[in-house]
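Position 125 of the sequence shown, counted from 1, bears residue number 277 in my numbering, the numbering being contiguous throughout. Written below as structure tokens is the structure these notes are about.
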Amino acid sequence: MKIIPIQVLEDNYSYILIDDTTKEAAVIDCVDPIKILNVVSQTGAKLTSVFVTHHHWDHCGGNIELVAKKPGLAVSGADARIPDINFVCKDNEEFKLGTLVVTPLHTPCHTKGHVCYFVTDHSTNEKAVFTGDTLFVAGIGKFFEGDARDMYRNLFHVLGKLPDDTWVYCGHEYTKTNLKFALSLEPHNEALMAKWAWCQDKQITVPSTIAQEKAYNPFLRVNEQTIQLITGKSDPVEALATLRELKNAFRC
Ligand SMILES: [Zn+2]
């Protein structure tokens with residue numbers, strides 16, 4: 153599979169996902185249809201689908217214009233608030249994009265209808281997950297329509313269960329700010345220091361991997377003693393709630 157990150161608005165990511173075998177393509181989160189269609193036309197792929205992670209405008213505000221320009225697109229998601237949605241994907245119910253297998257993972261918390269898309273290419277054994285505003289590089293999304301228990305489930309029972317070598321493509325470029333917060337908590341974490349050094353000259357810091365996130369993302373480390381000591385909570389769900397509040401208040 154081929155994945156092309158496209159920077160849109162101030163710090164959002166859209167992605168073009170292409171099945172190399174059939175040249176079928178999907179866009180993950182469309183807010184700038186002109187930009188998306190330009191990139192797709194340069195690849196020679198055929199856009200057939202839109203995978204929407206959640207209903208926030210900066211992730212699907214371009215749907216209506218895109219569908220008007222390309223009638224017949226399948227628009228997937230799990231929230232009636234998504235414009236032009238025509239395929240409601242069920243949790244863990246696989247579907248195909250060409251030869252790629254797509255597994256929608258329901259991850260309610262940032263919004264109630266949030267979906268992450270796990271994609272497997274069986275011809276190359278590559279795996280990728282599009283995490284929208286649930287999991288970022290070194291961070292997570294805000295809990296607008298859920299609580300720490302919901303996010304704990306998303307992180308530890310859903311995304312954290314994916315294979316370690318799964319590429320992580322998130323919905324925003326927040327990496328440097330997230331890493332500053334993480335470093336304020338774990339200044340001696342070597343994976344964290346290495347990621348910080350690596351990202352300094354990068355405009356685009358996706359993808360990471362599930363294994364990397366487990367090593368430096370503080371929200372995936374609420375079972376570690378370092379994070380529990382800082383939050384003063386030995387219960388990982390409570391630690392996650394406290395960590396979210398600390399991050400909300402954090403200023404670089
Ligand atoms: Zn959002």
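All C-beta atoms, glycine included, are put in the ideal place defined by N, C-alpha and C.
Closest residue to Asn-306 among Thr-318, Ile-292, His-211 (Cα-Cα distance): If we check each option's Cα against that of Asn-306, Ile-292 comes out closest.
Under the three-state DSSP convention, the category Val-160 falls into: strand
8 Å Cβ cutoff met for Lys-385 and Ala-391: Yes; because the gap between Cβ atoms is below 8 Å, this pair is in contact.
Check: Asp-184 C-beta below 7 Å from any heavy atom of ligand 1: Not so, every heavy atom of ligand 1 lies at least 7 Å from the Cβ.
Coil, strand or helix - His-309 by DSSP: helix
Start-end ranges of the beta strand (DSSP E) lying completely within the region 189 to 254, minimum 3 residues: 198 to 203, 226 to 229, 247 to 249
Min CB distance Leu-392 to chain C below 8 Å: Absent from the structure is chain C; it holds one protein chain and no more.
Run of the beta strand (DSSP E) containing Cys-268, from where it starts to where it stops: Counting along the chain, the beta strand (DSSP E) containing Cys-268 begins and ends at 267 to 273.
Helix, strand or coil at Cys-322 according to DSSP, with G and I counted as helix: strand
Residue list, Cβ distance to ligand 1 heavy atoms smaller than 5 Å: His-208, Asp-285
Distance between Asn-190 and Pro-370 (C-alpha atoms, nearest Å): 37 Å
Where Thr-283 sits in the DSSP three-state scheme: strand
Ala-214 to Val-227 span [Cα, whole Å]: As written in the sequence, residue 214 is Gly, which differs from the Ala given in the question. Those two C-alpha atoms are separated by around 12 Å.
Presumed contact (8 Å Cβ cut-off) between Leu-395 and Thr-383, rounded CB distance: 6 Å
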